[in-house]
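Going down the list, the protein sequences come from chains A and B. Using my numbering, the letters of the first sequence correspond one by one to residues 292 to 399. Using my numbering, the letters of the second sequence correspond one by one to residues 26 to 272.
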Amino acid sequence: MDETYVWTVIIALAAVTLLTRMSFITFAAHLELPLLLRRALAYVAPAILAAIIATQVFPPTPAGNASLDLPRLGAALLAFAVAWRTRSNMATIVVGMLALWSLQALLG
Amino acid sequence: MMRAAMTSAPAQRTPPNTTSPWRAGVSASLPVALGVMPFGAVCGASAAAAGLDFNESFALSWIVFAGSAQVVAVHLMASGAPVWVTLLTGWLVNLRFMMYSAAVAPCFRDSTRAQRTLAAYLLVDQSFALTLAQMADKRPPPYCAAFYLGLSIAMWVQWQVASIAGILLGSFIPPSWSIEFVVALLFIGLIVPLLQHRLARVAALAGAAIALAPQLPFRLNLMAAALAGAALAMVLERTWMKPTSGR
Numbered sequence: 292m293d294e295t296y297v298w299t300v301i302i303a304l305a306a307v308t309l310l311t312r313m314s315f316i317t318f319a320a321h322l323e324l325p326l327l328l329r330r331a332l333a334y335v336a337p338a339i340l341a342a343i344i345a346t347q348v349f350p351p352t353p354a355g356n357a358s359l360d361l362p363r364l365g366a367a368l369l370a371f372a373v374a375w376r377t378r379s380n381m382a383t384i385v386v387g388m389l390a391l392w393s394l395q396a397l398l399g
Numbered sequence: 026m027m028r029a030a031m032t033s034a035p036a037q038r039t040p041p042n043t044t045s046p047w048r049a050g051v052s053a054s055l056p057v058a059l060g061v062m063p064f065g066a067v068c069g070a071s072a073a074a075a076g077l078d079f080n081e082s083f084a085l086s087w088i089v090f091a092g093s094a095q096v097v098a099v100h101l102m103a104s105g106a107p108v109w110v111t112l113l114t115g116w117l118v119n120l121r122f123m124m125y126s127a128a129v130a131p132c133f134r135d136s137t138r139a140q141r142t143l144a145a146y147l148l149v150d151q152s153f154a155l156t157l158a159q160m161a162d163k164r165p166p167p168y169c170a171a172f173y174l175g176l177s178i179a180m181w182v183q184w185q186v187a188s189i190a191g192i193l194l195g196s197f198i199p200p201s202w203s204i205e206f207v208v209a210l211l212f213i214g215l216i217v218p219l220l221q222h223r224l225a226r227v228a229a230l231a232g233a234a235i236a237l238a239p240q241l242p243f244r245l246n247l248m249a250a251a252l253a254g255a256a257l258a259m260v261l262e263r264t265w266m267k268p269t270s271g272r
């Protein structure tokens, strides 16, 4: 990957992330986050997490379109059930990866 | 000297309610490390697997220090997204820090500017959640500030150690192992507790649908998914919640 590109992203992302973290702790300790913004932020997290999960479970083809990958879909559904029941990230990852490898071996 | 050594030795055996807030914070990081360290290793491995060299992967881990955004940035860089898209999408992932910053800010009212800036740099999901629990116990600000810093510095060290291990291993793991799928599994673990709320489920479904829709230019799908998912939930909150609460 192009070095300038990667370092630009790293440094710029670090800067905006630090400013976001500093917002209230450093600059405005006596202020409160407006309710509307707080509600919006509460929905951004599930939306973007689900979007990232979706792109991993339905991997994009070289053309950029989502594709059906049965081992990934099966492993993700099983992992979701485990996460729902146990609330354990470790159990979710272990079961999910074992399911993925088993299904990949079974379905070729 | 002797006296000090003799008085401090039994103090170490006393129950945790008399320990310093720093030490309480460091102790609180230990159970969390079970979740934090594998995540750090995955983030390091995903950067190395995507073709970043050691310095770049490690810089991402210690300068940005935000796992989910690191994974997203690596994913977008690997797919050749423009700088502004990678930056804005990563920032959207990190916007939750503004909410956390507002929540823990009362701990740092008496702190110096340097301490506040250090505290801000170290802010992550776990330091926010665990410190909030301490604040609920009505501890005074100096206690929760020290607890927060002890906890956060310990987690920072754990994260960097795990990242380095991940970066070193990541370049050796063959692509046929599909190790990048661990990211999806990790995020499944993170999203499940958020889905208690009906509108959070709507936001998640909308986000997933937009991420899978035919590709927008500039790899804008993730950003569109976050914004549209949140906007839809906000609109529905207004239309659904009002009649329910009025009844």
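In this text, a Cβ means the ideal position worked out from N, Cα and C, and glycines have one as well.
| Check | Outcome |
| --- | --- |
| Where residue 321 (chain A) falls, given that 16 or more other Cβ within 10 Å makes a residue buried | exposed |
| Residue 225 (chain B) (DSSP reduced to helix, strand or coil) | helix |
| Rounded C-alpha distance that separates residue 344 (chain A) from residue 47 (chain B) | 37 angstroms |
| Chain A within 8 angstroms of residue 146 (chain B), Cβ atoms only | yes |
| Where the stretch 97 to 117 of chain B meets chain A: residues whose CB sits under 7 angstroms from a CB there | 97, 98, 102, 108, 111, 112, 115, 116 and 117 |
| Residue closest to residue 100 (chain B), alpha-carbon to alpha-carbon, out of B:141, B:77, B:263 and B:225 | B:77 |
| Residues that residue 357 (chain A) bridges to, as DSSP identifies them | A:351 |
| Rounded Cβ spacing between residue 370 (chain A) and residue 215 (chain B) (contact assumed at less than 8 angstroms) | About 12 angstroms separates the two Cβ atoms, so there is no contact after all. |
| Cβ of residue 292 (chain A) within 8 angstroms of any chain B Cβ | yes |
| Unbroken alpha helix (DSSP H) run spanning residue 164 (chain B), endpoints | Looking at the DSSP string, residue 164 (chain B) is not in any alpha helix (DSSP H), and its letter there is neither H nor E. |
| At least three beta-carbon pairs within less than 8 angstroms, the stretch 195 to 211 of chain B to the stretch 327 to 342 of chain A | no |
| Cut-off 7 angstroms between Cβ atoms - residues of its own chain near residue 119 (chain B), not counting five sequence neighbours on either side | 91 and 94 |
| Buried or exposed (CB count within 10 angstroms, at least 16 for buried), residue 109 (chain B) | exposed |
| Residue 310 (chain A) versus residue 386 (chain A): straight-line alpha-carbon distance, rounded | 38 angstroms |
| Proximity below 8 angstroms, CB of residue 74 (chain B) to CB of residue 232 (chain B) | no |
| Partner residues on chain A for residue 240 (chain B), Cβ-Cβ distance less than 7 angstroms | 355 and 356 |
| Interface flag, residue 236 (chain B) vs chain A, CB-CB below 8 angstroms | yes |
| 8 angstroms contact criterion, which residue 389 (chain A) and residue 362 (chain A) should meet: CB distance rounded | Not a contact, Cβ separation roughly 12 angstroms. |
| Limits of the unbroken alpha helix (DSSP H) element including residue 295 (chain A) | 294 to 313 |
| Residue 316 (chain A) vs residue 258 (chain B) beta-carbon contact at 8 angstroms | no |
| Neighbour flag for residue 52 (chain B) against chain A, beta carbons, 8 angstroms | no |
| Min CB distance residue 213 (chain B) to chain A below 8 angstroms | yes |
| Neighbour-count burial assignment, residue 141 (chain B), 16 or more Cβ in a 10 Å radius | buried |
| Residue 245 (chain B) and residue 337 (chain A) closer than 8 angstroms at C-beta | no |
| Assigned exposure category for residue 33 (chain B) - 16 Cβ within 10 Å defines buried | Residue confidence for residue 33 (chain B) is low, a pLDDT of 42 falling below 50, so the modelled location carries little weight; the figure read from the coordinates is stated next. With fewer than 16 other Cβ atoms within 10 Å, it is exposed. |
| Interface flag, residue 340 (chain A) vs chain D, CB-CB below 8 angstroms | Given the protein chain composition of this structure (A and B), no chain D is represented. |
| Residue interval of the alpha helix (DSSP H) (run including residue 100 (chain B)) | 92 to 103 |
| DSSP three-state assignment for residue 40 (chain B), whether helix, strand or coil | Interpretation of residue 40 (chain B) is limited by its pLDDT of 45, a score under 50 that renders its predicted location unreliable; the figure taken from the coordinates is listed afterwards. Reduced to three states, the DSSP call for residue 40 (chain B) is coil. |
| Closer than 8 angstroms to chain B by CB, residue 304 (chain A) | yes |
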